[in-house]
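A.B. asks: Just so we're aligned, residue 3 is where the sequence shown starts under this note's numbering, counting upward by one.
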Amino acid sequence: CLSHTGGRRELWANLSRQRKRLIENQCGVRWPCEGSDEGQAPDYSEPCPDEWALQWDGTCLAPSSYEGPCDRRQAFIMFSPGMKATWAKSCDASWRLGPAPSPP
3 CLSHTGGRRE LWANLSRQRK RLIENQCGVR WPCEGSDEGQ APDYSEPCPD
53 EWALQWDGTC LAPSSYEGPC DRRQAFIMFS PGMKATWAKS CDASWRLGPA
103 PSPP
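Here it is as structure tokens:
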């Protein structure tokens, strides 16, 4: 996994979320989100992934820092929460965290 970190054994603090996600997926590591994410979950009611911009036509546009493998413009209007979660994992993106839903 050192190839994903530029040969460094320690990671620097200013990695983009997409780069961190890539390292997580490729190296099998996990680290906590900034602050405490306990009791939180991705908020798939939001129309776009975190830091993506909702466009006039209902599509979402990735920020210039996006380094994931998927298109930089995507329409999520017809996506269910499960579809958004699958897309996020495949595309190295994430939705903003919100309060985790209470169990039924």
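C-beta atoms are modelled at their ideal positions from N, C-alpha and C, and glycine is treated no differently.
Taking DSSP as the reference, what is the three-state secondary structure of Q28?
C.D. replies: In the structure shown, Q28 sits in a helix (DSSP, three-state: H, G or I).
A.B. asks: Looking at the structure shown, is R98 part of a helix, part of a strand, or coil, going by DSSP?
C.D. replies: Residue state, collapsed to three classes: coil.
A.B. asks: What is the DSSP secondary structure of Q20, reduced to helix, strand or coil?
C.D. replies: DSSP places Q20 in helix when its eight states are reduced to three.
A.B. asks: Measuring alpha carbon to alpha carbon, tell me which of T88, D45, L99, W54 ends up nearest E69.
C.D. replies: Cα-wise, what sits closest to E69 is W54.
A.B. asks: DSSP beta-bridge partners for Q42?
C.D. replies: Q42 is bridged to P101.
A.B. asks: By the DSSP assignment, the beta strand (DSSP E) with A64 in it spans what residues?
C.D. replies: Here A64 belongs to no beta strand (DSSP E), and DSSP marks it neither H nor E.
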